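Just add 101 to wherever you are in the sequence shown, counting from 1, and you've got this note's numbering.
Even for Gly, the Cβ is constructed at its ideal location relative to N, Cα and C.
No experiment lies behind these values; they were computed from the predicted model shown.
What follows is a short report on a single structure.
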Amino acid sequence: MKNGKPIYFPGLNGLRAIAVMAVVISHITLALKQFNLNPHIFGSTKDGNPLGLFLAEYGVSIFFVLSGFLITFLLQAEKDHQAIDIKKFYLRRILRIWPLYYLYLIISIIVIITLGLELNLKLLFLYLFYAANVPFILKTALPFLAHYWSLGVEEQFYLFWPWVNKKIKSLVISIVLLIFILIGTKVLLHLFYPNSILESAIHITRFHCMMIGALGAVLYKKENKLFLKTADNKITQSICWLIVLMAVLNKFHIASFIDNEIISVVAILLIIGQIRIKNRVVNLEINIMDFLGKISYGIYIIHPLLIFLFSKILSNLTIYTPIKYIIVYCVITGTTIILSYLSYAYIESYFLKFKRRFEVVKSLPTKTFS
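Structure (structure tokens):
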């Protein structure tokens with residue numbers, strides 16, 4: 102299998118691009134006050150705080166679904182030919198995630214110390230060992246590092262998921278049961294103990310969203326006819342894209358405690374629609390989307406610090422207000438993309454070369470550039 106044809110899923114970088122750009126735009130919006138601009142351009146929450154893009158929160162769930170789908174498919178493909186090599190799995194994850202994670206963490210610490218901001222060493226310990234979701238749940242995140250919560254969640258998921266794939270034979274039943282337990286517990290907590298720490302922990306940690314992606318991977322790999330017939334048709338795909346459009350316009354909202362779960366189901370349906378190609382309603386397999394998806398990890402990692410740095414440069418810029426909005430969004434987004442490309446080309450790619458040495462199943466992240 103190691104020398105076989107590499108696995109490539111078209112269109113998935115496009116979904117990554119949508120998710121990560123929504124996150125960046127939303128975070129810029131929530132920081133507009135730092136630029137002496139009105140942060141309420143997308144409206145306000147019930148408590149009067151500025152509203153970002155709903156799609157940004159959902160974007161993280163889309164990332165989780167993508168991660169669950171890809172990791173599970175590759176693990177199951179490996180299992181078809183040999184026992185899953187857990188050591189190599191962790192080496193691949195380390196080489197992909199750790200270098201940029203710790204580089205940005207070090208830079209953020211330097212900036213925090215330089216500015217004389219408080220650096221809580223107990224909290225820092227959590228960031229060092231991929232538990233950043235804990236301070237996020239407790240609303241005590243360190244400056245420039247709040248977004249690390251999702252990376253902590255993914256690394257925690259990886260602690261047990263390859264073992265589940267290796268040891269459990271009836272994976273579909275197990276995944277469905279785990280999803281049911283987690284979502285059911287979350288709903289019950291919301292109904293009887295709303296806003297509790299445990300409800301927040303399940304909502305933020307969101308292992309079930311990754312398992313929705315995992316379930317889709319297993320059903321797709323097994324060529325489950327009911328699943329593929331449901332997912333891969335133009336009606337389903339049109340409904341899913343309509344929901345995404347509503348999310349972009351801040352109009353999608355069923356109930357706060359299940360919105361991300363609905364988006365996760367939408368995400369796995371879109372994944373199937375993209376990779377099976379024939380019934381696509383929107384084609385995401387285009388160069389710009391592929392490019393942005395390829396560097397999406399860097400975009401997600403570095404953008405908060407750039408928002409802060411540019412707020413110091415642009416806050417006192419006296420210019421026609423609508424033009425200032427455009428400048429703020431374009432400068433931050435453009436700089437983030439440029440630095441993320443440089444990060445990928447000159448830092449991440451170096452470690453990715455080593456990562457390929459530990460691949461049991463070859464996979465390609467993109468078609469357009471290496």
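Item                                                                                                                                                                   : Value
Going along the chain, which residues of its own chain have a beta-carbon closer than 6 Å to the beta-carbon of Phe110, five neighbours each way excluded?             : Ile376
At the level of alpha carbons, what is the spacing between His404 and Leu131?                                                                                          : 13 Å
Rounded to whole angstroms, what is the Cα-Cα separation between Met102 and Val461?                                                                                    : Bear in mind that a pLDDT of 42 at Met102, under 50, signals an unreliable position, so the number given afterwards is only what the model happens to contain. Whole-angstrom Cα-Cα distance: 7 Å.
Relative to the C-alpha of Asn384, which candidate in Trp342, Gly399, Phe411 and Ile402 has its C-alpha closest?                                                       : Trp342
Rounded to whole angstroms, what's the CA-CA distance from Tyr259 to Pro140? Just pull it up for me.                                                                   : 37 Å
Could you pull the start and end residues of the alpha helix (DSSP H) that Ile108 belongs to?                                                                          : Counting along the chain, Ile108 falls outside any alpha helix (DSSP H), and DSSP gives it neither H nor E.
Which residues bound the alpha helix (DSSP H) around Gly285?                                                                                                           : Leu272 to Phe293
When you compare each of Val125, Trp250 and Leu152 to His304 by their alpha carbons, which one comes out closest?                                                      : Trp250
Comparing alpha-carbon positions, which option in Phe143, Leu370 and Gly399 lies nearest Gln338?                                                                       : Leu370
How long is the line joining the alpha carbons of Gly160 and Asn114, rounded to whole angstroms?                                                                       : 13 Å
According to DSSP, simplified to helix, strand and coil, what is Ser145?                                                                                               : strand
Mind checking whether Gln183 and Ser416 have CB atoms under 8 Å apart?                                                                                                 : no
For Val121, which residues from the same chain have a beta carbon less than 6 Å from its beta carbon, with the 5 sequence-adjacent residues on both sides left out?    : Ser397, Ile400 and Tyr401
Per the DSSP calculation, Ser464 is bridged to which residue(s)?                                                                                                       : Ile108
Can you have a look at Trp264 and say buried or exposed, based on whether 16 or more other CB atoms are within 10 angstroms of its CB?                                 : exposed
Put Pro263 into one of helix, strand or coil per three-state DSSP.                                                                                                     : helix
Around the C-beta of Ile108, are 16 or more other C-beta atoms found within 10 angstroms, so that it is buried, or is it exposed?                                      : exposed
Quick check on the DSSP output: the alpha helix (DSSP H) that includes His404 runs from which residue to which?                                                        : Ser397 to Leu415
If you compare alpha carbons, which of Leu246, Ser162 and Leu227 is closest to Leu407?                                                                                 : Leu246
For the putative contact between Tyr430 and Ile129, defined by C-beta atoms under 8 Å, what is the C-beta separation to the nearest angstrom?                          : 6 Å
For Ile214, collect the residues of the same chain with a Cβ closer than 7 Å to its Cβ; drop the 5 residues on either side in sequence, then sort them by chain order. : Leu220
Return the CA-CA distance between Leu279 and Gly374, expressed in angstroms with no decimal places.                                                                    : 25 Å
Comparing C-alpha positions only, which one of Ile313, Val366, Leu283 and Leu316 sits nearest to Glu300?                                                               : Leu283
Could you compute how far the alpha carbon of Ala302 sits from the alpha carbon of Pro244?                                                                             : 21 Å
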